[in-house]
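A quick write-up on the structure given underneath.
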Amino acid sequence: MTRELEQLATIDALTGLANRRHLLKLTEREVRRADRHDRPLAMLLLDLDEFRRVNDTRGHTAGDVALHAFAALCRNAMRTIDLVGRLGGEEFAIVMPDTEIAAAQLVAERIRRTAAETPIRHDSGEFVVTVSIGIAARAGDGADRLFARAYKALYAAKHAGRNTIIVDHGW
């Protein structure tokens, strides 16, 4: 019973990924560890483009199928030390310990390209989703600032036309 309650409190039921609260807690721990050992750490914030249109035109079950498929794509793109979670709606995060920006960009590009090229199959027909991605790296200023910088990059990617990746270099 306790294990079930713990899982309900930490796991997103739809995707099987860490939920927002649990991911934030794990991210704070990883940022502190990276700061303590002066190690690199990168964060990817990912947002499915125009996702509302999927729900509006194909139905919420199609949206759920797309979220589940995208979660699997993210899970398959990461290493065992990486953290991945669903922040809510169509927003996801991947925290990559011991990872420089250049390596994070490669992972982000692989996710972006795979999402755009992989049809999602549903009763309503096949469709693809694209993703905008913001990337930031640890700069010794804590998890909150890391998230803020990654969000800034994500919003820049959305405004740049979607299906793109923007890096916040922290300058």
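Following the numbering used here, the numbering of the sequence shown begins with 9 at its first residue and continues without gaps. Don't be surprised by glycine CBs; every beta carbon is placed ideally from N, CA and C.
Straight-line gap, residue i to residue j (C-alpha atoms, nearest Å)
i      : j      : result
Val73  : Ala17  : 22 Å
Val39  : Arg121 : 28 Å
Asp20  : Arg28  : 8 Å
Val62  : Leu52  : 23 Å
Asp131 : Ala70  : 8 Å
Leu31  : Ile102 : 9 Å
Gly97  : Ser140 : 14 Å
Leu114 : Leu75  : 22 Å
Reduced DSSP secondary structure (H/G/I, E/B, other) of residue i
i      : result
Ala158 : helix
Asp55  : strand
Leu49  : strand
Leu95  : strand
His177 : coil
Arg129 : strand
Ile141 : strand
Ala101 : strand
Ile119 : helix
Ala26  : strand
Ile109 : helix
Neighbourhood of residue i by C-beta, 8 Å cutoff - its chain only, sequence neighbours within 5 removed
i     : result
Arg41 : Arg47, Pro105
Ala26 : Thr18, Ile19, Asp20, Leu34, Leu91, Val92, Gly93, Arg94
Closer than 7 Å: residue i CB and nearest the ligand MG heavy atom
i      : result
Ile143 : In terms of ligand content, the structure shown is empty, and the ligand MG therefore cannot be addressed.
Residue burial classification, residue i (beta-carbon count within 10 angstroms, cutoff 16)
i     : result
Gly93 : buried
Leu56 : buried
| message | Check whether the region 145 to 163 and the region 64 to 80 are in contact - that is, three or more C-beta pairs closer than 8 Å. | response | Too few Cβ pairs lie closer than 8 Å, so no.
| Are there three or more Cβ pairs, one per stretch, closer than 8 Å when the region 157 to 169 is compared with the region 116 to 132? | When Cβ pairs closer than 8 Å are counted between the two stretches, the region 157 to 169 is seen not to touch the region 116 to 132, the count staying below three.
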